[in-house]
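*Asks:* Quick one: this structure, given as structure tokens, is what I'll be asking you about.
In this note's numbering, the protein residues as written are 220 to 419.
Right, here's the structure in full:
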């Protein structure tokens, strides 16, 4: 298991409980860590303003392979404050603290960006948690609107689901999907978890 720590370190915890530091991210803070299908370690690095980025490391954490900043066709950076990420095939989906989800390919090209406006909700989109289901669609928690955005792999909104009224949950935070049972697990900021079907 890999964990990010407040002292700007990524640590590996073995099955036996042994803890070892594998990546030092200083001067950046490390918000989250993810392991790709190639076993590369991906870390969201922030706290240094316009230098914030997503870093991709070798499986042992010793070598930084590349940096992802997510640039559009004009070279403008669209990944500004990386917060969470997940992989789908060759694409990487990054949740930005600047309130959007950015899809980038392996060459750091932005394929699309989702800002929540398609959902036409009362409050602004505030994505926190993200996961991918077996259909290669995204489920993204929306903290401000107490719901989950179900997004197609090409960036279009399929539906808004698991609202406060439907799930009895507010302040949605973490999310994961069980592709065997078809259930989604949603945790909130208040330490509650709801398990529900997200597809009918």
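Beta carbons: idealized from backbone N, C-alpha and C, even for Gly.
(1) According to DSSP, simplified to helix, strand and coil, what is residue 415?
(2) Is residue 263 near residue 227, with beta carbons less than 8 Å apart?
(3) What did DSSP end up calling residue 283 once you bin it into helix, strand or coil?
(4) Considering only C-alpha positions, which residue in the set 314, 293, 343 is nearest to residue 357?
(5) Using the C-alpha atoms, what's the distance from residue 288 back to residue 269?
(6) When DSSP builds the beta bridges, which residues end up paired with residue 306?
(7) Given a cut-off of 8 Å, decide if residue 324 and residue 299 are closer than it, judged by their beta-carbon atoms.
(8) Give a yes or no on whether the C-beta atoms belonging to residue 369 and residue 380 are separated by under 8 Å.
(9) Tell me the residue span of the alpha helix (DSSP H) that contains residue 245.
*Replies:* According to the data block:
(1) In the chain shown, residue 415 corresponds to position 196, counting from 1. In the structure shown, residue 415 sits in a strand (DSSP, three-state: E or B).
(2) Indexing the chain shown from 1 puts residue 263 at position 44. Indexing the chain shown from 1 puts residue 227 at position 8. No, the pair does not count as a contact, with Cβ atoms beyond the cut-off.
(3) As a position in the chain shown, residue 283 is number 64, starting the count at 1. Here residue 283 sits in strand by DSSP.
(4) For the purposes of this step, residue 357 is taken as residue 138 along the chain shown, with counting starting at 1. Closest by alpha carbon: 314.
(5) One-based indexing of the chain shown puts residue 269 at position 50. One-based indexing of the chain shown puts residue 288 at position 69. The straight-line gap from Cα to Cα measures roughly 10 Å.
(6) Sequence index remark: in the chain shown, residue 306 carries index 87 (1-based). Paired residues: 311.
(7) Position 80 of the chain shown holds residue 299. Position 105 of the chain shown holds residue 324. Not closer than 8 Å, so no.
(8) On the chain shown, position 150 is the one that residue 369 refers to. On the chain shown, position 161 is the one that residue 380 refers to. Yes, the pair counts as a contact, with Cβ atoms nearer than the cut-off.
(9) Looking up residue 245 in the chain shown gives position 26. Counting along the chain, residue 245 sits inside no alpha helix (DSSP H), nor does DSSP assign it H or E at all.
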